[in-house]
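Number of protein chains: 2
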Amino acid sequence: KEIMVSGVAYDVNVAKIALFDVPDQPGIAYRLFKALADERVNVDMIIQSAKRNHTNDISFTVVQDDLGTAVKVVERIKAEIGAGDFIFDDGVAKVSIVGAGMITRPGVAAMMFEALADAGINIEMISTSEVKVSCVVKGDQIKQAVQVVHAKFDLAAD
Amino acid sequence: KEIMVSGVAYDVNVAKIALFDVPDQPGIAYRLFKALADERVNVDMIIQSAKRNHTNDISFTVVQDDLGTAVKVVERIKAEIGAGDFIFDDGVAKVSIVGAGMITRPGVAAMMFEALADAGINIEMISTSEVKVSCVVKGDQIKQAVQVVHAKFDLAAD
Ligand SMILES: C[C@@H](O)[C@H](N)C(=O)O
Ligand SMILES: C[C@@H](O)[C@H](N)C(=O)O
Chain B
215 KEIMVSGVAY DVNVAKIALF DVPDQPGIAY RLFKALADER VNVDMIIQSA
265 KRNHTNDISF TVVQDDLGTA VKVVERIKAE IGAGDFIFDD GVAKVSIVGA
315 GMITRPGVAA MMFEALADAG INIEMISTSE VKVSCVVKGD QIKQAVQVVH
365 AKFDLAAD
Chain A
215 KEIMVSGVAY DVNVAKIALF DVPDQPGIAY RLFKALADER VNVDMIIQSA
265 KRNHTNDISF TVVQDDLGTA VKVVERIKAE IGAGDFIFDD GVAKVSIVGA
315 GMITRPGVAA MMFEALADAG INIEMISTSE VKVSCVVKGD QIKQAVQVVH
365 AKFDLAAD
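Order-wise, the sequence lines are chains B and A.
This note's numbering puts the first residue of the first sequence at 215, with every later residue one more than the last.
This note's numbering puts the first residue of the second sequence at 215, with every later residue one more than the last.
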């Protein structure tokens, strides 16, 4: 059956930032991303998972040149909103599978995760859309990550 | 300046599930989503944020009819991989802004978050791609969420 993954994309110009234990109430996400926008920080992925208590974590990625500015913003906002800790890391990269309508096919994301797992590559962040499954991994593993994902979907590596 | 948001999409056939404190090591994401795929569960969003210690949380959404099956799978996998707690909720819905190349424009996501914040709507989950910013909110707030996001971007509500 057709898997419908048309390609593997990757991006090495990636830095991740995560702000932990933010108050889970209206207006918090707005304040953080408004502050980043005011500093002209280009945010790529924004990821917020579900939580069970009254706080949540928000992580996002930026281009590496924006990391310094983003960290300053996060430090200021963290104090203003009463968040907990934060971390940042520019030693990461993003690998994605792209395809039309694939995300609703059971198993496509699992195949990508399997390729990375079999290569011993830890998945740090995951985000999806109908046409894309993106994983953030350690930067020094991106070459191998792209290779094994290509191979898993029988796509010729570029 | 052009904001490039072409529309607001929403989906009320949404249930969220979150599995907490999964071991943050290769193979875990694979095992969870392989098990779901084997049961033909259609997964929409997959969200995993960054973490600072040796565990992570993984949340995802499914169509409401698949929630029962998904919960059984998560219960079994939770035991197998040694994860912590999990939660699920079918009283949620998804609202998204869609547009070409908008996610890299600072401020577009912040505007969507502002619209929801001003309406007192709490954002439970966030996921983005280059052409889409999606927020999961309480199901009984979806109508208002769609209205205020439409208004924020000067789009006529359908
Ligand atoms: C955590 C953050 O997303 C919050 N729930 C908000 O609505 O802004
Ligand atoms: C938490 C989970 O994503 C794990 N890091 C994995 O690679 O499968």
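For every residue, glycine included, the Cβ atom is placed at its ideal position computed from N, Cα and C.
All figures in this text were calculated on a predicted structure; none of them were measured in a lab.
query	result
beta-carbon Q355(A) near ligand 1 non-hydrogen atom, thresh 8 Å	no
Residues near I291(B) by beta carbon distance below 7 Å, same chain, minus five either side	R245, L246 and A249
Closest residue to I272(A) among G321(A), A297(A) and L281(A) (Cα-Cα distance)	A297(A)
Limits of the alpha helix (DSSP H) - the one that K308(A) falls within	Unbroken run through K308(A) is the beta strand (DSSP E), F300 to V312; no alpha helix (DSSP H).
Secondary structure of A264(A), DSSP reduced to three states	coil
E328(B): contacting residues in chain A (beta-carbon distance under 8 Å)	Y244 and K248
D235(A): contacting residues in chain B (beta-carbon distance under 8 Å)	Here the premise fails: no neighbours, minimum Cβ distance about 11 Å.
I311(B) CB to nearest heavy atom of ligand 1 below 8 Å	no
Residues, ordered as in the chain, of the region 249–269 of chain A that lie near chain B by beta-carbon distance below 9 Å	A249, L250, A251, D252, E253, R254, V255, N256, V257, D258, M259, I260, I261, Q262, S263, A264, K265 and R266
Identity of the residues DSSP links to G282(B) by a beta bridge	For G282(B), which the question treats as bridged, DSSP gives no partner whatsoever.
Alpha carbon of E344(B) to alpha carbon of D304(A), nearest angstrom	20 Å
Stretch pair the region 235–244 of chain B + the region 258–272 of chain B: three plus CB contacts closer than 8 Å	yes
Minimum C-alpha distance to A264(B) - residue among K357(A), A264(A), A232(A) and D280(A)	A232(A)
8 Å contact criterion, which K230(A) and V306(A) should meet: CB distance rounded	5 Å
Alpha-carbon to alpha-carbon, V312(B) and A223(B)	7 Å
Within 8 Å of chain B by C-beta, residues of the region 275–294 of chain A in sequence order	none
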